[in-house]
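Participant:
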Ligand SMILES: [Zn+2]
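Numbering (our numbering), first residue to last: 10 to 104.
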């Protein structure tokens with residue numbers, strides 16, 4: 010994974026504000042298991058190496074294990090982008 014910079018920390022914090030948590034527990038989008046914030050990663054749906062940016066529509070909260078196995082694969086990119094769009098629209102509309 011890339012080195013953590015100030016910029017990384019900013020997008021992480023912003024991304025977590027867009028994610029539902031249940032008293033500090035987060036649900037991994039990939040495996041559906043529950044984790045504490047420290048075990049969650051903010052994943053770039055379009056990987057940064059393919060030009061993916063730090064906007065909220067390109068970030069999703071998945072566990073470190075799923076993020077590692079995903080790597081820079083593009084196989085889930087389109088469905089993940091769609092589900093992220095739907096999720097954000099629901100949040101913005103107050104569900
Ligand atoms: Zn997971």
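Ideal Cβ placement from N, Cα and C applies to all residues, glycine included.
What ranges does the beta strand (DSSP E) occupy inside the region 12 to 62, keeping only unbroken runs of at least 3 residues that lie completely in it?
Facilitator: Fully enclosed beta strand (DSSP E) runs of 3 or longer: 34 to 36, 43 to 45, 49 to 53.
Participant: Cβ of residue 70 within 7 Å of any heavy atom in ligand 1?
Facilitator: Result no, Cβ not under 7 Å from ligand 1.
Participant: Give the DSSP-derived three-state secondary structure of residue 90 in the structure shown.
Facilitator: Helix, per DSSP.
Participant: Would you mind reading off the limits of the beta strand (DSSP E) that contains residue 68?
Facilitator: Here the beta strand (DSSP E) through residue 68 covers 68 to 72.
Participant: CB residue 31 to CB residue 50, shorter than 8 Å?
Facilitator: Not in contact: residue 31 and residue 50 (Cβ atoms no closer than 8 Å).
Participant: Taking the alpha carbon of residue 83 as the point to measure from, which residue in 33, 35, 27, 57 has its own alpha carbon closest?
Facilitator: Closest by alpha carbon: 57.
Participant: Count the other CB atoms within 10 Å of the CB of residue 71; is the residue buried (16 or more) or exposed (fewer)?
Facilitator: Buried: at least 16 other Cβ atoms inside 10 Å.
Participant: If contacts are defined as beta-carbon pairs under 8 Å, then residue 65 and residue 23 qualify, I think. What distance do you get, rounded to the angstrom?
Facilitator: Between residue 23 and residue 65 the Cβ distance is about 7 Å, and since that is below 8 Å, they are a contact.
Participant: What do you get for residue 68, buried or exposed, if any count of 16 or more other CB atoms within 10 angstroms of its CB means buried?
Facilitator: It is buried - the Cβ of residue 68 has at least 16 other Cβ atoms within 10 Å.
Participant: When burial is assigned at 16 or more other CB atoms within 10 Å of the CB, is residue 29 buried or exposed?
Facilitator: The residue is exposed, with fewer than 16 neighbouring Cβ atoms inside 10 Å.
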